[in-house]
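A.B. asks: Here the protein sequences line up with chains A and B, keeping their order.
Going by this note's numbering, the first sequence opens with residue 23, and the numbers climb by one from there.
Going by this note's numbering, the second sequence opens with residue 23, and the numbers climb by one from there.
Positions of the beta carbon are idealized from the N, C-alpha and C atoms, including for glycine.
If you're wondering where the values come from, they're calculated on a predicted model, not measured in any experiment.
Sending over a structure as structure tokens; questions will come in a sec.
Protein chains: 2
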Amino acid sequence: MSDVVNARQLQKERTRSALLTAALELSQEQGFAQTSLRQVAKRAGVVPAAFYRHFDSMDELGLALVERCFGTLRAMIRDAQRDPEVFDHIIDASAEILVEAVKNNKADFAFVARERVGGSEVVREAIRHELDLFVSELAVVLARLPNIERWSSEDVHMVSRLFVRNMVANAEEVVEMPEGRPDLEAQIREGARRQMRLIVLGFKDWRS
Amino acid sequence: MSDVVNARQLQKERTRSALLTAALELSQEQGFAQTSLRQVAKRAGVVPAAFYRHFDSMDELGLALVERCFGTLRAMIRDAQRDPEVFDHIIDASAEILVEAVKNNKADFAFVARERVGGSEVVREAIRHELDLFVSELAVVLARLPNIERWSSEDVHMVSRLFVRNMVANAEEVVEMPEGRPDLEAQIREGARRQMRLIVLGFKDWRS
DNA sequence: AGGATCAGTGAACGTGTGTTCACCAAAGCA
DNA sequence: TGCTTTGGTGAACACACGTTCACTGATCCT
């Protein structure tokens, strides 16, 4: 529990991080499940056996990666919520933010989007759990919106799932987007904006 | 172009089909990208080298699998459209059908849902193309609905994407569903119904 | 009947894989 | 200073993989 760090601990943390980053890059290129321990070690500039000083298996590395990615995403969303403009024009802003954020953290989003459904059992499980947390968190925010405040908690949860689901789908599209195509980017952003507006329109007439 | 079939052609078609089925099963268990040529051959009851009498590579087998799966799905939807009840209560019926259909063709849906985003480049591409076709087909149907008939074609396309996207997401959930849990099944079906209803509610107030 | 065709065989190859082990040298600590 | 701890090394292993090749025997065609 000491704050003083050994040079040893520091160096260890550094190669651990290098392993995670290497795995993230390789996952973006070919998917996590297709990424081997040896490839990760090689890209991190380390001999395969050294891998075991940090993780017991690729599965464990995968879990650590999920944690790191969702840490990044959470921090990002916290920042966005601090911005006062966001709360005023939730829809327009979140469409904007979504595309921008995905572009700037492409590797993280790509990892989550891909391995959410495609990858190894344990990694998939972890991502689904984190996304469920997201849904619950968003539900709390949504419950305070006009038209929604009187809804049953089940209905709020339902619409929260609808939003997160769409966010993930849009993120997938941005990730899959070829490099340097601002037209496509604008198209996705506009599509996301309209979808959210359409959903929100239904709010005022909703009865469970 | 002859309808007369050799015993040879017939047997060839039979093992080809066995290879496809074996690959589909293995994909459900561990994902297509993690499935090796040798595993497929072994499960089909054939020596690895025999694989090459039918496909040049696993990628080609993957493409054939995409075709076969979407063939199944299209046939299923065609049947559903013939049922007169479906057209009257589109929403309730399609939620019902969705869950039922996924249960009965679990392997096909699982393959499409997983490999749509997780798998090999060429398989991913093929699935995305087929899903785009689905979106366009559904757009034609939607364009005839009240409230929508005057929308711009872009808006119709947008809402069609929203529906297909949700269909895929719900299918994923059913696929991931543990065996023998009718309560979860009902929950997913009810969720799907509500989500669609909410989206449809927005239709009458939509302005582009 | 008899030669041509061809789906399927079985063995072999080179390569990449996960995992192990004894070993080393630098950092930590007494 | 000298002993211990430890992150990283390099060689070795057994194994699964994709791919090749000459082959076999049943089916097809004339």
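(1) If we call anything under 7 Å between Cβ atoms a contact, is A:Ala148 one with A:Val197?
(2) Considering only their Cβ atoms, is the gap separating A:Ala193 from A:Val145 smaller than 7 Å?
(3) Does B:Asp227 get closer than 7 Å to chain A when you measure Cβ to Cβ?
(4) Only counting the same chain, and skipping five residues up and downstream in sequence, which positions put a Cβ closer than 6 Å to that of A:Gly141?
(5) Roughly how many angstroms separate the alpha carbons of B:Arg36 and B:Asp154, rounded to a whole number?
(6) Applying a beta-carbon distance threshold of less than 9 Å, which residues of chain A neighbour B:Arg136?
(7) Let's test the definition: count the other Cβ atoms within 10 Å of the Cβ of B:His111 and tell me whether it reaches 16, buried, or not, exposed.
(8) In chain order, what are the residue ranges of uninterrupted alpha helix (DSSP H) at least 4 long that sit wholly in the stretch 109-158 of chain B?
(9) Scan the stretch 204-223 of chain B for residues whose Cβ lies nearer than 7 Å to a Cβ of chain A and list them as they occur along the chain.
(10) Starting from the C-beta of A:Asp114, find all residues in its chain whose C-beta is less than 8 Å away, skip the five residues before and the five after it, and write them out in chain order.
(11) Specify the secondary structure class of A:Phe54 as computed by DSSP and reduced to three states.
(12) Does B:Met199 get closer than 7 Å to chain A when you measure Cβ to Cβ?
(13) What are the boundary residues of the alpha helix (DSSP H) that A:Glu176 is part of?
(14) Since A:Ala191 meets chain B, which of its residues come closer than 7 Å, beta carbon to beta carbon?
(15) Mapping DSSP to helix, strand and coil, what is B:Asp227?
(16) Taking the straight line between their C-alpha atoms, what separation do you get for B:Asn28 and B:Gln52?
(17) Could you confirm whether any beta carbon from chain A is found closer than 7 Å to the beta carbon of B:Leu184?
(18) Within 10 angstroms of the Cβ of B:Asp130, are there 16 or more other Cβ atoms? Answer buried if so, exposed if not.
(19) Taking all protein chains shown into account, decide if B:Arg229 is buried (16 or more other Cβ within 10 angstroms of its Cβ) or exposed.
(20) What span of residues does the alpha helix (DSSP H) with B:Leu59 cover, start to end?
(21) Tell me which same chain residues have a C-beta within less than 8 Å of the C-beta of B:Thr57, skipping the five on either side of it?
(22) Nearest-angstrom Cα distance between B:Leu126 and B:Arg65?
(23) So, helix, strand or coil for B:Ala72, using DSSP?
(24) Under the assumption that A:Ile10 contacts B:Gly224 (Cβ atoms under 8 Å), give the Cβ distance between them as a whole number of angstroms.
(25) With respect to the alpha helix (DSSP H) encompassing B:Asp81, which residues constitute its N-terminal and C-terminal limits?
(26) Of all Cβ atoms in chain A, is any one closer than 7 Å to the Cβ of B:Ala161?
(27) In chain B, which residues lie with their C-beta within 7 Å of the C-beta of A:Glu47?
(28) Report the residue from B:Arg75, B:Arg60 and B:Gln217 whose alpha carbon sits nearest the alpha carbon of B:Gln33.
(29) Run through DSSP, which three-state label would B:Leu42 get?
(30) Can you list, in chain order, the residues of its chain whose CB lies under 8 Å from that of A:Ser24, leaving out five sequence neighbours each side?
(31) Please confirm whether B:Gln31 has its beta-carbon closer than 7 Å to some beta-carbon of chain A.
C.D. replies: By the coordinates alone:
(1) no
(2) no
(3) Yes, because at least one Cβ of chain A sits closer than 7 Å to the Cβ of B:Asp227.
(4) When the five nearest sequence neighbours on each side are left out, the beta carbons in the same chain lying within less than 6 Å of the beta carbon of A:Gly141 are those of Phe54 and Ala55, in order along the chain.
(5) Rounded to whole angstroms, B:Arg36 and B:Asp154 show a C-alpha spacing of 31 Å.
(6) Val139 and Gly140
(7) exposed
(8) 112-126 and 128-137
(9) Gly213, Arg216, Gln217, Leu220, Ile221 and Leu223
(10) Arg215
(11) coil
(12) no
(13) Ser175 to Glu198
(14) Arg187
(15) coil
(16) 36 Å
(17) Interface residue, yes.
(18) buried
(19) exposed
(20) Where B:Leu59 is concerned, the enclosing alpha helix (DSSP H) stretches over Leu59 to Arg65.
(21) Result list for B:Thr57: Ala45, Leu48, Ser49 and Met80, in chain order.
(22) In the sequence under discussion, the amino acid at residue 126 of chain B is Asn, which differs from the Leu named in the question. C-alpha separation (whole angstroms): 22 Å.
(23) Helix, per DSSP.
(24) Because residue 10 of chain A is not part of the residues shown, which for chain A are 23 to 230, the question remains open.
(25) Met80 to Arg104
(26) no
(27) Neighbours of A:Glu47 on chain B: none; closest Cβ ~17 Å, over 7 Å.
(28) The residue from B:Arg75, B:Arg60 and B:Gln217 with its alpha-carbon nearest to that of B:Gln33 is B:Arg75.
(29) helix
(30) Unreliable positioning characterises A:Ser24 in this predicted model, as indicated by a pLDDT of 44, which lies under 50. The coordinate reading is nonetheless provided below. Taking C-beta separations shorter than 8 Å and ignoring five residues to either side along the sequence, A:Ser24 has no partners in its chain.
(31) Nearest CB-CB separation between B:Gln31 and chain A: not below the 7 Å threshold.
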